[in-house]
Amino acid sequence: RDLADRTAERGLVVGAWQSLGETDREVLALVGWEGLDIPSAARVMQCSVPAFTARLYRAKRRLRAALDRQDKAAAEDGPEPPAAPARVGLEERCV
Numbered sequence: 040r041d042l043a044d045r046t047a048e049r050g051l052v053v054g055a056w057q058s059l060g061e062t063d064r065e066v067l068a069l070v071g072w073e074g075l076d077i078p079s080a081a082r083v084m085q086c087s088v089p090a091f092t093a094r095l096y097r098a099k100r101r102l103r104a105a106l107d108r109q110d111k112a113a114a115e116d117g118p119e120p121p122a123a124p125a126r127v128g129l130e131e132r133c134v
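Everything in the sequence shown is counted per the numbering used here, starting at 40 for the first residue and increasing by one.
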């Protein structure tokens with residue numbers, strides 16, 4: 040792949056990441072970037088392991104959907120308008 044492809048791919052990932060809600064980004068960052076295991080990440084988020092596992096599953100699903108939207112928009116040669124951050128309902132919080 041050349042630099043233009045990598046730059047375009049990075050833009051898609053950044054756009055998808057920014058479309059996620061703050062909690063989704065935090066959950067994904069704790070595991071993906073910080074390298075925490077699920078029990079440790081659950082402690083950081085002050086929630087149970089099952090609650091964190093559910094949040095991680097939903098965050099991954101939303102990231103995949105956002106990436107798919109970004110990819111589809113790029114394939115149609117039209118920039119996708121930025122999505123509003125997802126709102127997390129009380130039932131999805133880990134507290």
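Heads up, the beta-carbon is just placed ideally off N, CA and C, and yes, glycines get one too.
Do the region 41 to 56 and the region 93 to 112 make contact, defined as three or more Cβ pairs closer than 8 Å? yes
Does the Cβ-Cβ distance between residue 102 and residue 67 come in under 8 Å? By 1-based counting over the sequence shown, the position of residue 102 is 63. By 1-based counting over the sequence shown, the position of residue 67 is 28. Yes, the Cβ-Cβ distance between residue 102 and residue 67 is below 8 Å.
Where residue 115 and residue 44 are concerned, what is the direct C-alpha to C-alpha distance, given to the nearest angstrom? For the purposes of this step, residue 115 is taken as residue 76 along the sequence shown, with counting starting at 1. For the purposes of this step, residue 44 is taken as residue 5 along the sequence shown, with counting starting at 1. Distance between the alpha carbons of residue 115 and residue 44 is about 16 Å.
Go through its chain and collect everything with a Cβ distance to residue 46's Cβ below 8 Å, but skip five positions before and after it. Mapped onto the sequence shown, residue 46 falls at position 7. Hits under 8 Å: none found.
One question on the structure: do residue 88 and residue 78 come within less than 8 Å of each other, judged by their Cβ atoms? Along the sequence shown, one-based indexing puts residue 88 at 49. Along the sequence shown, one-based indexing puts residue 78 at 39. For residue 88 and residue 78, yes; Cβs fall inside 8 Å.
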